[in-house]
Amino acid sequence: MLSKIFNKEYPEFWKKYTDSFKNPATKYVVISMETSGLDTDKDVIMAIAATSVINNRIILKDSFEIFIQHKAFNETSLDNEFITVSKVDKITESQSVEIILNYISNSILIGHRIDFDIEMLNKLLSKLKLGKIRNEAFDIEAMLNKILETNDKMYALDEMSNILKMPVSNRNSVADDAYSIALLFLKMKDKLGIR
Numbered sequence: 001m002l003s004k005i006f007n008k009e010y011p012e013f014w015k016k017y018t019d020s021f022k023n024p025a026t027k028y029v030v031i032s033m034e035t036s037g038l039d040t041d042k043d044v045i046m047a048i049a050a051t052s053v054i055n056n057r058i059i060l061k062d063s064f065e066i067f068i069q070h071k072a073f074n075e076t077s078l079d080n081e082f083i084t085v086s087k088v089d090k091i092t093e094s095q096s097v098e099i100i101l102n103y104i105s106n107s108i109l110i111g112h113r114i115d116f117d118i119e120m121l122n123k124l125l126s127k128l129k130l131g132k133i134r135n136e137a138f139d140i141e142a143m144l145n146k147i148l149e150t151n152d153k154m155y156a157l158d159e160m161s162n163i164l165k166m167p168v169s170n171r172n173s174v175a176d177d178a179y180s181i182a183l184l185f186l187k188m189k190d191k192l193g194i195r
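Here the sequence shown stands for residues 1 to 195, where the numbers follow UniProt numbering.
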């Protein structure tokens, strides 16, 4: 009985993900999510976008945006912006996990309030009886707080762009947010000595 528990057969994509940490990270991956709310116990991930940053360049051709199907979720509680994409093709949670883990591999994750995003991803992994996200992560809000020498102040993406004297995005999708986060990260990383 115990041997069955300890010798659980994990999916190939999970093995590939965990094996990737034998090597050092070679890129940053910027993640943005749309969730049904801010309660990690009750809410779900509706969409995820990601893009890579390599050698101080945003690699747009290496980006993705996926929408996740939730059978028991009532979409009428979402705002109009998200309802307009409700007709977009969606994939299952298990398909989304495979796509995400294959994409992020051992990279360093970047996000706006990244701890929440990682917690939501971990909840998804837990549903599939997999482990937790192992990636190192940087939060752009924490980076700005460090630069401004403030303590735990919260900033919207537009507010951060204004503070750093950058153009403000129209932000029509999670992919737009991922791109904005990538630009903000590039603007701040050298100031903080992040290589």
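Just so it is clear, CB atoms sit at the ideal spot from N, CA and C, and this is done for glycine as well. Values in this document were obtained by computation on a predicted structure and should not be read as measured data.
Can you tell me whether DSSP reads residue 166 as helix, strand or coil? Residue state, collapsed to three classes: coil.
Inter-residue Cα distance where the pair is residue 62 and residue 55: 14 Å
Residue 117 in three-state terms, based on DSSP: helix
By Cβ distance below 8 Å, which residues in the same chain neighbour residue 152 in space, the five residues on each side in sequence not counted? The answer, listed in chain order, is 145.
Indicate whether residue 32 and residue 178 have their beta-carbon atoms separated by less than 7 Å. yes
Nearest candidate by alpha-carbon position, reference residue 172, set 22, 49, 160, 98: 49
Given this structure, state the Cα-to-Cα distance separating residue 84 from residue 43, to the nearest angstrom. Because the pLDDT at residue 84 is just 48, under 50, the model does not fix this residue reliably, and the point stays unresolved.
Could you check where the alpha helix (DSSP H) with residue 183 kicks off and where it finishes? Per DSSP, residue 183 belongs to the alpha helix (DSSP H) from 174 to 189.
Residue 12 to residue 124, Cα distance in whole Å? Distance between the alpha carbons of residue 12 and residue 124: 17 Å.
How many Å lie between residue 193 and residue 149 at the Cα? 15 Å
Compare the Cα-Cα distances from residue 161 to each of 40, 91, 140 and report the closest residue. 140
Would you kindly check if the distance between the Cβ of residue 34 and the Cβ of residue 168 is under 7 Å? no
Once the 5 residues before and after residue 68 are set aside, which same chain residues still bring their CB inside 8 Å of it? Once the five neighbours on either side are set aside, the close Cβ partners of residue 68 are 44, 45, 46, 47, 48, 90, 91, 92, 93, 96.
By DSSP, does residue 194 sit in helix, in strand, or in coil? coil
So residue 198 packs on residue 122, CB below 8 Å; how close in whole Å? Only positions 1 to 195 of the chain appear in this structure, which leaves residue 198 out of reach.
In the DSSP assignment, the beta strand (DSSP E) including residue 108 goes from what residue to what residue? Here the beta strand (DSSP E) through residue 108 covers 108 to 111.
Quick check: the Cα distance between residue 112 and residue 10, rounded to an integer number of angstroms? 31 Å
Thinking just about the alpha-carbon of each residue, which of 66, 115, 128 is nearest to the one in residue 103? Taking only the C-alpha atoms, the option nearest residue 103 is 66.
Residue 60 (DSSP reduced to helix, strand or coil): strand
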